[in-house]
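Asker:
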Amino acid sequence: MPELLVRRDGAVANVLFSNLAKHNAMSFEMWQRLPGLLQELDADSSVRVVVLAGDGDKAFISGADISQFEKVRAGPEAQAEYNKAVDLAYESPVLCSKPVIAKIRGICMGGGLGIAAACDLRFAAEDAVFRMPAARLGLGYGFQGLQRFVQIMGAANTADAFFSARKFSARDALQMGFVNRVLPVESFDKEIAEYCAMIAENAPLTVATAKYTIRQVVKDAADRDLAGVDQRVKTCFASEDYTEGRRAFMEKRTPQFKGR
Numbered sequence: 030m031p032e033l034l035v036r037r038d039g040a041v042a043n044v045l046f047s048n049l050a051k052h053n054a055m056s057f058e059m060w061q062r063l064p065g066l067l068q069e070l071d072a073d074s075s076v077r078v079v080v081l082a083g084d085g086d087k088a089f090i091s092g093a094d095i096s097q098f099e100k101v102r103a104g105p106e107a108q109a110e111y112n113k114a115v116d117l118a119y120e121s122p123v124l125c126s127k128p129v130i131a132k133i134r135g136i137c138m139g140g141g142l143g144i145a146a147a148c149d150l151r152f153a154a155e156d157a158v159f160r161m162p163a164a165r166l167g168l169g170y171g172f173q174g175l176q177r178f179v180q181i182m183g184a185a186n187t188a189d190a191f192f193s194a195r196k197f198s199a200r201d202a203l204q205m206g207f208v209n210r211v212l213p214v215e216s217f218d219k220e221i222a223e224y225c226a227m228i229a230e231n232a233p234l235t236v237a238t239a240k241y242t243i244r245q246v247v248k249d250a251a252d253r254d255l256a257g258v259d260q261r262v263k264t265c266f267a268s269e270d271y272t273e274g275r276r277a278f279m280e281k282r283t284p285q286f287k288g289r
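Numbering-wise (our numbering), the sequence shown opens with residue 30 and increments by one.
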């Protein structure tokens, strides 16, 4: 049964897209579930980092489950409901105050690319294969969806991916700027776990403030919440963690941050 699974590794919450029979294609129910699940993890103070990954080692997400389209994406009303669910799912990693990392192995196509683009960081194994097949299906992508791709890898590379609908490798994705790192398959899990542990050791308020501020930077100037940024910065300086960070530095020890 297509579903979203959560596996905890200390302060790291791993969300697995599980639909193994269809290379982890996103069912309508999976699109609907993702925003609420990320909100739950965001509200859990014991979670410091969220990792989105595919179940198994064959695929991150192969796209939307096209077999459902005749049932849930045919008429105008159904189309609108489906698109709303997808848009909310794409927005959910952005709205999560904690770092959200896309851990990409194997197939990453269509909606998988869209979800990865909404994450803060994207790490790919050397066996990852990417494709945006919208032009082969007659699908249209809206402004926000395309905007994320352009912000990540520029207008020309976005045009290449969307116009051609071609497959491209992990190394191509790195060169295009879509992924941050390409890692060997044999050390993929270990290196990402180590990176997440490094983030989890840092001051949560500082990390959340950085994520929020980055989000404002990429917005149009008229839409930026500069007051919200300023308030978050002040909260950092007034926090117990700031005191702990200073003391740990002076005492030459590892700080123990609590997120307050």
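Cβ atoms here follow ideal geometry from the backbone N, Cα and C, with glycine treated the same way.
Leaving out five residues on either side along the sequence, give the residues of the same chain with a beta carbon under 6 Å from the beta carbon of F197.
Answerer: F159.
Asker: Using CA coordinates, which residue listed in Q260, Q245, D259 is at the minimum distance from R253?
Answerer: When each option's Cα is compared against that of R253, the closest is Q245.
Asker: Using the Cβ count rule (16 or more neighbours within 10 Å means buried), how would you classify I243?
Answerer: Exposed is the call here.
Asker: Measure how close the beta-carbons of N53 and G83 come, nearest whole angstrom, since I'm counting them as under 8 Å.
Answerer: At roughly 4 Å, the Cβ-Cβ gap stays under 8 Å, so N53 and G83 are in contact.
Asker: When DSSP labels each residue in this structure, what does S75 get in the three-state scheme?
Answerer: It is coil, neither helix nor strand.
Asker: Could you check whether A190 and M227 sit closer than 8 Å to each other, using their CB atoms as the reference points?
Answerer: No, they are not a contact pair.
Asker: Give the secondary structure of G171 by DSSP, where H, G and I count as helix, E and B as strand, and everything else as coil.
Answerer: The answer is coil: DSSP assigns G171 none of H, G, I, E or B.
Asker: Assuming D149 and V179 form a contact by the criterion Cβ under 8 Å, report the distance between their Cβ atoms to the nearest whole angstrom.
Answerer: Not confirmed; about 17 Å, so no contact.
Asker: Write down the C-beta distance between C225 and V35 rounded to the nearest angstrom, noting that I regard them as a contact closer than 8 Å.
Answerer: About 15 Å; that fails the 8 Å criterion.
Asker: Are the CB atoms of A297 and I133 nearer to each other than 8 Å?
Answerer: For residue 297 there is no data in the structure shown, the boundaries of the chain being 30 and 289.
Asker: Could you check whether the region 104 to 118 touches the region 70 to 83, counting it as contact only if at least three pairs of C-beta atoms, one from each stretch, sit closer than 8 Å?
Answerer: Taking 8 Å as the limit for Cβ pairs, the verdict is that the region 70 to 83 does not touch the region 104 to 118.
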